[in-house]
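Presented below is the structure to which this report refers.
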Amino acid sequence: MSLAQGILLFFLSGFASLDRVAGINIMLSRPIVITSIIGIAFNQILICILIGAIFEFIGMLEVPVGTVILKDDTFAGYSSSVLISLGAISHNNLSILLAIILVTLMIYPVTLTDIYCRKLNKLMITRAFNETKSNTNSDGFLIRIGLLVSFIRGVVVYNLATFLIFLTLHNIGYFAKQEVSPIYYLVLLFILLMGCLFRFLNGELFMKLIFLVIGFIASWIIL
């Protein structure tokens with residue numbers, strides 16, 4: 022990856038997150054758009070557009086009703102196309118499917134950061150309104166802070182989550198070449214099924230993710 026490409030990803034991740042919260046509102050946050058830009062920059066246009074179309078379709082399954090915050094399909098498009106462009110995903114069906122699964126799982130913690138950023142913005146605005154009532158200068162300052170928080174979130178969270186997926190893909194590739202007990206794969210399958218079960222339980226998404234991670238770590242230690 023060249024310096025110019027790195028700079029592009031830095032600003033693209035930030036502005037895509039900003040666009041997602043209507044900071045610039047130019048549809049940059051749509052998976053098909055962000056994957057196309059990365060595909061052109063890294064000369065991987067066809068495969069990036071195809072995987073962007075997949076996440077675009079997945080994103081259509083949710084309906085933006087009221088104040089519901091949709092799953093962060095912007096991250097999905099960004100992360101998957103970066104992984105393809107950096108060679109972490111081979112151009113074969115199994116590798117692409119595995120990457121889609123990992124990116125989809127990572128969408129949930131990434132969406133949590135979106136939720137908490139919005140809650141932080143709301144808290145700051147409410148507090149400022151109670152203190153200043155109709156101070157327009159304060160309102161403009163808070164808007165700029167909120168936009169900056171969304172930009173930083175995209176740069177930090179999108180790239181950190183992508184790096185974690187990259188490490189996971191690398192380790193899975195390593196274990197695939199080793200003699201691994203079938204129990205290892207059964208435990209991984211059990212964890213994925215447990216994650217599906219958690220979807221239907223009552224409780225905060227954050228707590229469900231905590232239990233899922235604890236189960237994964239415990240299984241790893243046992244193995």
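Heads up: the sequence shown at position 11 corresponds to 32 in this note's numbering, and the numbers run straight through without jumps. We treat Cβ as the ideally placed atom computed from N, Cα and C, and that holds for glycine.
Asp40, enclosing alpha helix (DSSP H) - first and last residue: 24–41 is the span of the alpha helix (DSSP H), which, as asked, contains Asp40.
Where does the unbroken alpha helix (DSSP H) through Phe96 begin, and where does it stop? Its alpha helix (DSSP H) spans residues 94–106.
Top-ranked residue by Cα proximity to Ile136, from Ile122, Asn192, Ser171: Considering only alpha carbons, the answer is Ser171.
If you count every other CB in all the chains shown that lies within 10 Å of the CB of Phe76, and 16 or more means buried, which is it? Phe76 should be labelled buried.
So what's Phe76 in DSSP terms, helix, strand or just coil? When secondary structure is reduced to three states using DSSP, Phe76 falls in the helix class.
May I ask you to report which of helix, strand or coil DSSP gives Leu188? In the three-state reduction of the DSSP assignment, Leu188 falls in the helix class, which pools H, G and I.
Beta-carbon proximity of Ala182 to Met127, cut-off 8 Å: Going by C-beta atoms, Ala182 is nearer than 8 Å to Met127.
Compute the distance between the beta-carbons of Leu118 and Met22, then report whether it is under 8 Å. For the pair Leu118 and Met22, the CB atoms are not nearer than the 8 Å cut-off.
Of the residues Pro130, Leu163, Val131, which one's Cα is nearest the Cα of Leu141? Measuring from the Cα of Leu141, the nearest candidate turns out to be Leu163.
Could you check if Gly27 is buried or exposed, using at least 16 other CB atoms within 10 Å of its CB as the buried criterion? Burial check for Gly27: the Cβ neighbour count within 10 Å stays below 16, so the residue is exposed.
Where Ala25 falls, given that 16 or more other Cβ within 10 Å makes a residue buried: Ala25 is exposed by the Cβ-count criterion.
Please list, in chain order, all residues of the same chain as Asn192 whose beta carbon is under 6 Å from its beta carbon, the five residues on each side excluded. So no residue of the chain qualifies.
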